[in-house]
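Chemist:
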Amino acid sequence: MGETHSLEDRFQAFVEAENKVEPKHWMPDGYRKTLVRQISQHAHSEIVGMLPEANWITRAPSLRAKLILLAKVQDEAGHGLYLYSAAETLGTSRDQMIDDLHSGKAKYSSIFNYPTLTWADMGAIGWLVDGAAIANQVMLCRTSYGPYSRAMVRICKEESFHQRQGFEIMMHLAKGTPEQKAMAQDALNRWWWPSIMMFGPSDDQSPNSAQSMKWRIKRKSNDELRQEFIDKTVPQAEFIGLTIPDPDLRWNEETGHYDFGTINWTEFFDVIAGNGPCNAERLAARQKAHDEGAWVREAAAAYAAKQASRSARRPAQTHAA
Amino acid sequence: MSTTTHQWPLWEVFVRSKNGLAHKHVGSLHAPDSEMALKNARDVYTRRSEGISIWVVPSAAITASSPDEKDPLFAPSDDKVYRHPTFYDIPDEVGHM
Ligand SMILES: [Fe+2]
Ligand SMILES: [Fe+2]
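If you're matching them up, the sequences are chains A and B in order.
With the first letter of the first sequence counted as 1, position 212 gets the number 212 in our numbering; the numbers rise by one all the way through.
Add 1000 to the 1-based position in the second sequence for our numbering, that's all there is to it.
1. With a threshold of 7 Å (Cβ to nearest heavy atom), would A/Glu22 be considered close to ligand 2?
2. Counting only Cβ-Cβ distances shorter than 7 Å, please list the residues of the segment 7-32 of chain A near chain B, keeping chain order.
3. Mind checking the segment 148-170 of chain A against chain B and listing, in chain order, the residues whose C-beta falls within less than 9 Å of any C-beta there?
4. Is the separation between the beta-carbon of A/Thr34 and that of A/Asn208 shorter than 8 Å?
5. What's the C-alpha gap between B/Lys1018 and B/Ile1054?
6. Under three-state DSSP, which class holds B/Lys1024?
7. Can you tell me whether A/Trp265 is buried or exposed? The criterion is at least 16 other CB atoms within 10 Å of its CB, across all chains shown.
8. Verify the CB distance criterion: does B/Ser1028 have a CB-CB separation below 8 Å to chain A?
9. Quick one, are the C-beta atoms of A/Ile155 and A/His44 less than 8 Å apart?
10. So that I know if they touch, is there some Cβ in chain A lying closer than 8 Å to that of B/Ser1017?
11. Hey, how far is the Cα of A/Phe112 from the Cα of A/Asp130?
12. Against A/Arg94, what residues of chain B qualify as contacts under a CB-to-CB distance less than 7 Å, listed in chain order?
13. Is A/Leu101 helix, strand or coil by DSSP?
14. Strictly under 8 Å for the Cβ-Cβ distance: is B/Ser1066 near chain E by that measure?
15. Assign A/Asn252 to buried or exposed, taking buried as 16 or more other Cβ atoms, counted over all protein chains shown, within 10 Å of its Cβ.
16. Please report the distance separating the alpha-carbon of A/Gly146 from that of A/Pro247.
17. Pick out whichever of B/Met1036, B/Ser1034, B/Tyr1045, B/Pro1009 has its Cα sitting closest to the Cα of B/Lys1024.
18. Using DSSP with H/G/I as helix, E/B as strand and the rest coil, what is A/Asn252?
19. Quick one: residues in its chain with C-beta nearer than 7 Å to the C-beta of B/Pro1032, no 5 flanking neighbours on either side, listed in chain order?
20. Extract the residue ranges of the alpha helix (DSSP H) inside the segment 129-190 of chain A, only unbroken runs of 4 or more that lie entirely within it.
21. For A/Arg226, count neighbouring C-beta atoms within 10 Å of its own C-beta (all shown protein chains included) and say buried if the count is 16 or more, exposed if not.
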């Protein structure tokens, strides 16, 4: 004993001192594996998450709404890229991650396996789904892995408009005709429970959580994040006159938080296992987009090869401008 | 499952946020050539007027110092306190120097 500290101990002390781990640093295998799994799942969620909303781009009710939705969906593609890049710094390849998504081996957030039935769903998704994602991502800005943390800072800057545009849609519908208000309430009814499930199983049911917290990958537990989100969201629903579909929801004077009803974890694990309403459809859409884009990738590679052989005959440039 | 095409090279992206500032590393992306890398970098890293100039550099062209040799590599600059202005005692009466 005495002077000798294992690499693991030194690593633990390093992250506990709030240092950021960079790609070339020594890290425990488990830390690397946990990050690859978490960051790639996060990336897949951004990419698959474009599908439910893409469903409404051509049917947006106005040009303004269409431009906003397009910009939001484009942002999500960017988020996927930042995250894939962060995962690649850990030694996994983009191709491997994409293949794992398409083969069903890799997971993505179960929320995206629910259908988007009406325009109000664009409001509910922005407000609740992006809202829940933001709560998680704000925490992850302080994660111990440098490239992940930097990707999160970028993403958080872009996310805030996502939630605001969603809330605006809900607000307008809630102030509209009785039919429009009913449509907003229906969307809230369908998205509320899946949204609060996004934070993952309760702390006592999530065995990896404690280790992630110890490594400073996660900074708050699933239950803490869920409670914060509920406390923030309930007054927003009240403000626009919509009702959260939970009869057990009430303010608890003692704790200073909202108490809420029991979450249907059977549904959650069932959707994760692949039995949600849209699991097959989402993966098929991803695979189709990938296959149909193959010729574009091939053409770009052929063009690059041709340009390279041409410029090999020209003198090289000297200085970046 | 079908595998993806052979992977395109990785590029590091640097953005000058405004005139007079240095380019700063913002992230990376895959692209078949420098021209596509620039266009993709514009779409991915400057959607909100984050920059007025972009550099893309093949990641493979970067030579990085290793964190393990951090101490010996940077040690020579740590023990030369006389390189800092605070090392010198100049009487206050002399004024700002
Ligand atoms: Fe996102
Ligand atoms: Fe978003």
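Just so you know, even glycine gets a beta-carbon here, dropped at the ideal spot from N, CA and C.
Modeler: According to the data block:
1. Along the first sequence, read from residue 1 onward, the residue named residue 22 of chain A stands at position 22. No, the beta carbon of A/Glu22 sits no closer than 7 Å to any heavy atom of ligand 2.
2. Glu22, Lys24, His25
3. Arg150, Ala151, Arg154, Lys157, Glu158
4. Translated into positions along the first sequence, residue 34 of chain A becomes position 34. Translated into positions along the first sequence, residue 208 of chain A becomes position 208. Yes; because the gap between Cβ atoms is below 8 Å, this pair is in contact.
5. Reading the second sequence from its first residue, position 18 is the one you call residue 1018 of chain B. Reading the second sequence from its first residue, position 54 is the one you call residue 1054 of chain B. For B/Lys1018 and B/Ile1054, the distance between alpha carbons rounds to 11 Å.
6. Your numbering for residue 1024 of chain B matches position 24 in the second sequence. Residue state, collapsed to three classes: strand.
7. One-based indexing of the first sequence puts residue 265 of chain A at position 265. So A/Trp265 counts as exposed.
8. Translated into positions along the second sequence, residue 1028 of chain B becomes position 28. Yes, its Cβ sits closer than 8 Å to a Cβ of chain A.
9. Counted from its first residue, the first sequence places residue 155 of chain A at position 155. Counted from its first residue, the first sequence places residue 44 of chain A at position 44. Not a contact, by the Cβ cut-off of 8 Å.
10. In the second sequence, counting from the first residue as 1, residue 1017 of chain B sits at position 17. It does not; no Cβ of chain A falls within 8 Å.
11. Counted from its first residue, the first sequence places residue 112 of chain A at position 112. Counted from its first residue, the first sequence places residue 130 of chain A at position 130. Looking at the two C-alpha atoms, the distance is approximately 12 Å.
12. Position 94 of the first sequence, counted from the start, is the residue given in the question as residue 94 of chain A. Under the 7 Å cutoff, chain B gives Gln1007, His1030.
13. For the purposes of this step, residue 101 of chain A is identified with residue 101 of the first sequence, where counting begins at 1. Looking at A/Leu101 - three-state DSSP - the assignment turns out to be helix.
14. Looking for chain E here will not work: the only protein chains present are A and B.
15. Position 252 of the first sequence, counted from the first residue, corresponds to residue 252 of chain A. A/Asn252 should be labelled exposed.
16. As a first step, residue 146 of chain A must be located in the first sequence, where it is residue number 146. As a first step, residue 247 of chain A must be located in the first sequence, where it is residue number 247. Each residue's Cα considered, the two are about 42 Å apart.
17. Position 24 of the second sequence, counted from the start, is the residue given in the question as residue 1024 of chain B. The residue with the shortest Cα to Cα distance from B/Lys1024 is B/Tyr1045.
18. The residue labelled residue 252 of chain A in the question sits at position 252 within the first sequence. DSSP places A/Asn252 in strand when its eight states are reduced to three.
19. As a first step, residue 1032 of chain B must be located in the second sequence, where it is residue number 32. Trp1008.
20. 130-140, 146-174
21. Sequence index remark: in the first sequence, residue 226 of chain A carries index 226 (1-based). With 16 or more Cβ atoms within 10 Å of its Cβ, A/Arg226 is classed as buried.
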